[in-house]
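Asks:
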Amino acid sequence: MYDDVPPLKVWAFTALAAFGMFFLFLGYCYSGYSPYARELAKGKASLEAALIENNMKDTSATSIVVLGSSLLECALFDPHAIEKEIIKQTKKPTNFLRLSIFYLSMDVAGRLELFEYFAKYPPDYLFVENIGINLDDPFGEGLPIPIDAALLHVRNEFRSNAGLPMHENYFNRWYTYELTPSLTNAFYTLEFDSSMFKFLETKRMILRKVEENTRANKAYEAMRGKTKIFFLGMPQSDKLAPNFLDEAGNQEFDKVMKSYKKLYDIEYWQYPGTMPDSCFSDGFHVNRIGATKYQDWFISKFASIQ
Numbered sequence: 001m002y003d004d005v006p007p008l009k010v011w012a013f014t015a016l017a018a019f020g021m022f023f024l025f026l027g028y029c030y031s032g033y034s035p036y037a038r039e040l041a042k043g044k045a046s047l048e049a050a051l052i053e054n055n056m057k058d059t060s061a062t063s064i065v066v067l068g069s070s071l072l073e074c075a076l077f078d079p080h081a082i083e084k085e086i087i088k089q090t091k092k093p094t095n096f097l098r099l100s101i102f103y104l105s106m107d108v109a110g111r112l113e114l115f116e117y118f119a120k121y122p123p124d125y126l127f128v129e130n131i132g133i134n135l136d137d138p139f140g141e142g143l144p145i146p147i148d149a150a151l152l153h154v155r156n157e158f159r160s161n162a163g164l165p166m167h168e169n170y171f172n173r174w175y176t177y178e179l180t181p182s183l184t185n186a187f188y189t190l191e192f193d194s195s196m197f198k199f200l201e202t203k204r205m206i207l208r209k210v211e212e213n214t215r216a217n218k219a220y221e222a223m224r225g226k227t228k229i230f231f232l233g234m235p236q237s238d239k240l241a242p243n244f245l246d247e248a249g250n251q252e253f254d255k256v257m258k259s260y261k262k263l264y265d266i267e268y269w270q271y272p273g274t275m276p277d278s279c280f281s282d283g284f285h286v287n288r289i290g291a292t293k294y295q296d297w298f299i300s301k302f303a304s305i306q
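In the working numbering, the protein residues as written are 1 to 306.
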């Protein structure tokens with residue numbers, strides 16, 4: 001009756017082989033030859049080159065750097081048009097650089113050494129998206145980044161060999177800047193993702209205290225007197241909790257912004273009022289209509305302080 005059951009040593013060998021393959025894969029994920037290591041190296045090299053080009057080559061021009069996530073890529077969707085309009089309104093030569101790092105967080109900023117590079121190559125003005133830097137997602141970022149990068153690479157290698165369309169390599173935002181949405185994107189088609197909106201209605205984030213942002217604070221201190229720094233609030237539907245914080249969280253948020261103003265002279269710019277859902281693709285990422293409003297507001301507010 002039990003003659004067909006594999007011997008115990010077969011099960012043991014299979015388990016050891018599976019564990020061996022798993023640990024080999026982990027070793028690959030965290031090695032110096034992994035997709036993550038390659039993407040990180042490209043990210044740092046591109047960041048340094050972009051900051052030198054924007055901030056250091058022409059010191060007679062006003063240098064502006066804006067850091068954010070995919071939210072920023074939508075909200076300030078046309079960096080070249082922004083630069084031209086700022087020059088027109090301020091009558092000053094200006095270099096404008098938008099760094100939209102998808103899934104931006106303090107962890108990602110630390111991996112790319114973003115703030116260390118800002119301190120090394122300081123712009124005249126630095127704008128930092130508030131959501132990505134001063135707030136944390138309590139559910140984390142899913143898979144560890146080195147494993148996520150390796151799995152994405154493996155999937156795309158398989159899909160390429162099978163003649164299938166590849167998944168978007170969102171790590172390319174670590175080293176390619178100032179991209180604009182494609183014409184098929186909801187940004188232009190004005191489609192609304194109601195399922196994502198329902199998720200965002202329940203979403204809550206955790207406020208980072210000033211003392212938790214040690215690396216950023218060190219850069220803020222180093223840039224004092226060289227760079228005027230602002231935190232940028234992102235537009236969102238009036239049906240969503242502001243900054244995805246409850247009432248007590250938003251009161252604490254105001255205190256944190258006041259602390260940054262007192263300690264590092266960092267101002268907080270929040271888009272005035274709210275936008276209707278017709279300005280969003282999901283209640284959080286603006287579409288072309290909302291982006292035009294936000295971009296015009298940003299340009300005119302910046303021109304007003306010149």
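Cβ atoms here follow ideal geometry from the backbone N, Cα and C, with glycine treated the same way.
(1) With respect to the alpha helix (DSSP H) encompassing S304, which residues constitute its N-terminal and C-terminal limits?
(2) Taking 8 Å as the cut-off, decide whether the C-beta atoms of T90 and Q295 are in contact.
(3) Is it a yes or a no for the region 158-165 touching the region 259-270, going by three-plus beta-carbon pairs under 8 Å?
(4) Could you spell out the range, first to last residue, of the beta strand (DSSP E) harbouring R98?
(5) Do V256 and V210 come within 8 Å of each other at the CB atom, strictly closer than that value?
(6) What are the boundary residues of the alpha helix (DSSP H) that includes G132?
(7) Looking at E83: is its Cβ nearer than 8 Å to the Cβ of F96?
(8) Considering only the alpha carbon of each residue, which of L143, S63, W174 and G43 lies closest to P93?
(9) Quick check: what's the CA-CA separation for I229 versus G43?
(10) Between the alpha carbons of L24 and Y170, how many angstroms are there, rounded?
(11) Among residues of its own chain, excluding the 5 on either side of K293, which ones have a beta-carbon nearer than 7 Å to its beta-carbon?
(12) Please identify the residue among K203, N134 and D277 whose C-alpha is closest to the C-alpha of S259.
(13) Just tell me which of S194, W297, Q270 and N172 has its CA closest to the CA of S46.
(14) Is the beta carbon of V128 closer than 8 Å to that of F231?
Replies: On the basis of the data shown:
(1) First-last of the alpha helix (DSSP H) with S304: R288 to S304.
(2) no
(3) no
(4) T94 to S100
(5) yes
(6) N130 to N134
(7) A contact, by the Cβ cut-off of 8 Å.
(8) S63
(9) When rounded, the distance between both Cα atoms is 23 Å.
(10) 25 Å
(11) M275 and C279
(12) For S259, the closest C-alpha among the options K203, N134 and D277 is that of N134.
(13) N172
(14) yes
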